[in-house]
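For the sequence shown, position 54 matches number 72 in the numbering used here, and the numbering has no gaps at all. These notes concern the structure reproduced below.
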Amino acid sequence: MEKRIQIDVLEPQAFNAMFGLEKYMQEGKLSKTHYELIKIRASQINGCAFCINMHTKEAIKLGENPQRLFLLDAWWDTELYSEEEQIVLKITEEVTLIHENGLTSETYQKAMKLFGENYLAQIIMAVVTINAWNRIAISTHKPLDR
């Protein structure tokens with residue numbers, strides 16, 4: 019793979035600003051499980067090897083069942099995910115693939131009923147955050163942590 023610039027080295031202030039958003043998300047009310055599922059699923063959609071590698075390891079450390087991670091690409095075709103997790107994953111896909119239809123009214127309404135405004139806002143911000151990280155890692159060919 020072509021060696022590319024590393025923004026964390028060249029533009030540390032910009033990178034630190036992203037870490038500020040990440041820190042905010044980690045201190046929010048979003049469950050660790052929801053946040054890891056969001057990060058992994060968005061990274062799968064975007065094809066970000068660096069982030070998939072990092073976040074699957076983190077999820078396992080947090081006690082996530084590896085089978086759920088193996089099947090995350092087909093979450094809708096299993097019974098391994100709760101209703102809440104299914105809505106979180108649907109939001110993740112719709113916001114990540116915003117160019118298709120965006121966050122649909124159906125998904126939005128289900129999320130409002132299940133989570134309320136503030137939690138839904140945090141879900142959306144979590145999706146936005148990981149999508150930004152994915153774009154940084156993919157554009158710069160961020161090397162894998164082994």
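Note that CB positions come from ideal geometry on N, CA and C, so glycine has one too. On a predicted model such as this, the values are computed, not experimentally measured, just so you know.
Leaving aside the five residues before and after E102 along the sequence, list all residues of the same chain whose C-beta is less than 8 angstroms from its C-beta, in chain order.
Walking along the sequence shown from the start, residue 102 turns up at place 84. Result list for E102: H52, L132, F133, in chain order.
Are there 16 or more other CB atoms within 10 angstroms of the CB of K160, so buried, or fewer, so exposed?
Working through the sequence shown from its first residue, we reach residue 160 at position 142. K160 should be labelled buried.
Rounded C-alpha distance that separates T74 from S123
Here residue 74 corresponds to residue number 56 of the sequence shown, with the count starting at 1. Here residue 123 corresponds to residue number 105 of the sequence shown, with the count starting at 1. T74 and S123: Cα-Cα distance of roughly 30 angstroms.
Quick one, which of M143, W93, I63 has its alpha-carbon nearest Y42's?
The residue given as residue 42 occupies position 24 in the sequence shown. It is M143 whose Cα lies nearest to the Cα of Y42.
Below 8 angstroms between beta carbons: does that hold for V145 and I109?
Numbered from its first residue, the sequence shown carries residue 145 at position 127. Numbered from its first residue, the sequence shown carries residue 109 at position 91. Taking 8 angstroms as the Cβ cut-off, V145 and I109 qualify as a contacting pair.
Cutting at 6 angstroms between CB atoms, please list the residues of its own chain near L121, excluding the five before and the five after it.
Start at 1 with the first residue of the sequence shown, and residue 121 comes out as number 103. For L121, where only same-chain residues beyond five positions count, the Cβ hits under 6 angstroms are E112, V113.
Look up N136 in the DSSP assignment and say whether it is helix, strand or coil.
Numbered from 1 along the sequence shown, position 118 holds the residue referred to as residue 136. In this structure, N136 counts as helix in the three-state DSSP scheme.
Cβ-Cβ distance between A77 and E54 below 8 angstroms:
Residue mapping note: residue 77 aligns to position 59 of the sequence shown, counting from 1. Residue mapping note: residue 54 aligns to position 36 of the sequence shown, counting from 1. Yes, the pair counts as a contact, with Cβ atoms nearer than the cut-off.
Test item: CB-CB of L98 and L107 under 8 angstroms:
Start at 1 with the first residue of the sequence shown, and residue 98 comes out as number 80. Start at 1 with the first residue of the sequence shown, and residue 107 comes out as number 89. No, the pair does not count as a contact, with Cβ atoms beyond the cut-off.
Coarse secondary structure for H73, derived from DSSP in three states
Position 55 of the sequence shown holds residue 73. If DSSP states are grouped into helix, strand and coil, H73 belongs with the helices.
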